[in-house]
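Only one structure is covered here, and it is reproduced in the block below.
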Amino acid sequence: MPVCKIRHIRLLAAVLAVPILVIVSLQTQAEYADVVLNRNSEKEGVRPVVYPHWFHRIRFQCRVCHTELGFEMRVGANKVTMEGIIDGKFCGACHDGETAWTVENCDLCHSGLPGMETGITGGHKTLGPGNW
Amino acid sequence: MIRIVSTTSTLAGSILLLAFVCLASTAVYAEWQTLKEDGLHDPLNPALQWLQNPGDALGRMPSDSAGNKVDWVRAFEDGYIRPRSSIHGEAEVKQLDTEIIMNDTGSLPRVMFPHKPHTRWLDCENCHEQIFKSKAGATPVTMSKILEGEYCGVCHGAVSFPLTECNRCHSVPLNGTAKSQ
Chain G
360 MPVCKIRHIR LLAAVLAVPI LVIVSLQTQA EYADVVLNRN SEKEGVRPVV YPHWFHRIRF
420 QCRVCHTELG FEMRVGANKV TMEGIIDGKF CGACHDGETA WTVENCDLCH SGLPGMETGI
480 TGGHKTLGPG NW
Chain P
6 MIRIVSTTST LAGSILLLAF VCLASTAVYA EWQTLKEDGL HDPLNPALQW LQNPGDALGR
66 MPSDSAGNKV DWVRAFEDGY IRPRSSIHGE AEVKQLDTEI IMNDTGSLPR VMFPHKPHTR
126 WLDCENCHEQ IFKSKAGATP VTMSKILEGE YCGVCHGAVS FPLTECNRCH SVPLNGTAKS
186 Q
């Protein structure tokens, strides 16, 4: 076997990583970029929350949530609580009966399968933040 | 499959495999799952019927082969969607239309980063100065860091088109003329 240059080894590693990622990703079927939030939901007797990026980005640019509302771009990094939401923070900034339907519709947000962990899901995954 | 590749260890072989697996994966993802069957939503939730299935909305937009299978840049540009820039209607946003060529790509085509499609969705502060310095060449971006979810990988591979789409970033041929800014 020829001696590889560092650059080639790195390239190979990058190329090899991808089929592995794709294969891993074949196990999930959920829509790309759906976020599961289950830090406290199940512990407190409700289903995990499913937040769909695809649905919201049709209506809002990223900057609305990730600048204006200050959601940090890392799943699990924002201490989202039901109390905060009812106070008009996080999801509650919009789900207030004006911009979108109100927090009374528990099952529309708490719609996840029991047992799922907080993270980002979907077709093609990386080793990225959502998987830490 | 993975084992065979690691013993032969040829670049050509792994690229072939990559192409094959990518093809296979797009075939598997030709259609959107319904929420009932996506393995994420609880099919016993009576409110599920009020939620929209992705295919009902995404199927009407310019299609793509990966991620949400929507070409979001075109969907926005061609007016299929009009995502707001602020919770309450429209706010003044800063746009930038410059391109940065990143040359440290080994034998692969160079990377062209376009500010324009990014600043339509994002604020400067979403990237500067935490993820990227505002100076061409000042950020030590590498592919392995991207695959770990840093730099471009903060969004690409999570929400924006996935990292399997090498040629969308690696879009400037090595021997071609760089159209740097």
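Residue numbers (our numbering), protein chains in the order written: chain G, 360 to 491; chain P, 6 to 186.
For glycine and all other residues, C-beta sits at the position ideal for the given N, C-alpha and C.
Just the Cα atoms here: how many angstroms apart are residue i and residue j?
i, j, result
"P:Ile-86", "P:Lys-121", "17 angstroms"
"P:Pro-178", "P:Asn-172", "10 angstroms"
"P:Glu-170", "P:Ser-68", "15 angstroms"
"P:Ala-96", "G:Phe-419", "12 angstroms"
"G:Asp-466", "P:Trp-126", "30 angstroms"
"G:Glu-457", "P:Ala-52", "21 angstroms"
"P:Val-98", "P:Cys-129", "10 angstroms"
"P:Ala-62", "G:His-415", "11 angstroms"
"G:Asp-393", "G:Thr-480", "5 angstroms"
"G:Lys-438", "G:Lys-402", "15 angstroms"
"P:Met-107", "P:Glu-155", "16 angstroms"
"G:Asn-399", "P:Gly-142", "42 angstroms"
"G:His-425", "P:Glu-134", "15 angstroms"
"G:Gln-388", "G:Lys-448", "31 angstroms"
"G:Trp-328", "P:Met-66", "Limits of chain G in this structure are 360 at one end and 491 at the other, which puts residue 328 of chain G out of reach."
"G:Thr-477", "G:Gly-429", "19 angstroms"
"P:Asn-180", "G:Val-405", "57 angstroms"
"P:Gly-3", "P:Arg-89", "Limits of chain P in this structure are 6 at one end and 186 at the other, which puts residue 3 of chain P out of reach."
"G:Met-475", "G:Asn-464", "21 angstroms"
"P:Glu-82", "P:Lys-150", "30 angstroms"
For residue i and residue j, which I take to be in contact (beta-carbon distance under 8 angstroms), what is that distance rounded to the nearest angstrom?
i, j, result
"G:Pro-411", "G:Glu-390", "6 angstroms"
"P:Asp-47", "G:Pro-473", "7 angstroms"
Under 8 angstroms between C-beta atoms, does residue i make it to chain P?
i, result
"G:Arg-418", "yes"
"G:Cys-450", "no"
"G:Ala-459", "no"
"G:Arg-398", "no"
"G:Val-405", "no"
"G:Phe-414", "yes"
"G:Asp-466", "yes"
"G:Ala-436", "no"
"G:Ile-444", "no"
Residue i CB to nearest chain G CB: under 8 angstroms?
i, result
"P:Gln-38", "yes"
"P:Asn-172", "no"
"P:Asp-83", "no"
"P:Pro-51", "yes"
"P:Gln-54", "no"
"P:Leu-179", "no"
"P:Ser-176", "no"
"P:Val-78", "no"
"P:Asn-131", "yes"
"P:Val-116", "no"
"P:Val-146", "no"
"P:Leu-101", "no"
"P:Pro-88", "yes"
"P:Ala-32", "In this predicted model, P:Ala-32 has a pLDDT of only 43, less than 50, meaning its place in the structure is not dependable; the value taken from the coordinates is given anyway. No, P:Ala-32 does not count as interfacial toward chain G."
Would you say residue i and residue j are within 8 angstroms of each other, going by their C-beta atoms?
i, j, result
"P:Asn-131", "G:Cys-453", "no"
"P:Leu-45", "G:Gly-471", "yes"
"P:Pro-119", "P:Glu-104", "yes"
"P:Ser-91", "G:Glu-427", "yes"
"P:Leu-168", "P:His-161", "yes"
"G:Val-395", "G:Val-409", "yes"
"G:Gly-435", "G:Gly-443", "no"
"G:Met-432", "P:Val-159", "yes"
"P:Ala-71", "P:Phe-137", "no"
Starting from the Cα of residue i, find the closest Cα among the options and give me that residue.
i, options, result
"P:Gln-38", "P:Val-75, P:Thr-169, P:Pro-59, P:Ser-176", "P:Pro-59"
"P:Asn-50", "G:Met-475, G:Thr-477, G:Cys-468, G:Gly-478", "G:Cys-468"
"P:Arg-79", "G:Ile-417, G:Glu-427, G:Met-441", "G:Ile-417"
"G:Asn-397", "G:Gly-456, G:Ile-445, G:Met-441, G:Val-462", "G:Met-441"
"P:His-93", "G:Asp-446, G:Asp-455, G:Glu-401, G:Lys-402", "G:Asp-455"
"P:Val-164", "P:Thr-144, P:Asp-76, P:Met-148, P:Met-66", "P:Asp-76"
"G:Val-462", "G:Asn-437, G:Glu-476, G:Asp-446, G:Met-475", "G:Asp-446"
"P:Met-148", "P:His-123, P:Gly-111, P:Cys-129", "P:Gly-111"
"P:Asn-73", "P:Glu-36, P:Gly-84, P:Ala-143, P:Leu-40", "P:Glu-36"
"P:Trp-55", "G:Trp-460, G:His-425, G:Gly-478, G:Thr-477", "G:Trp-460"
"P:Leu-101", "P:Val-146, P:Thr-124, P:Arg-65", "P:Thr-124"
"P:Pro-145", "P:Gly-64, P:Met-66, P:Asp-109", "P:Asp-109"
"P:Gln-57", "P:Phe-81, P:Asp-83, P:Pro-88, P:Leu-40", "P:Leu-40"
Relative to the ligand PLP, is the shortest distance from any of its heavy atoms to the C-beta of residue i smaller than 7 angstroms?
i, result
"P:Ala-71", "Absence of the ligand PLP from the depicted structure is noted, as is the absence of any ligand whatsoever, leaving it without description."
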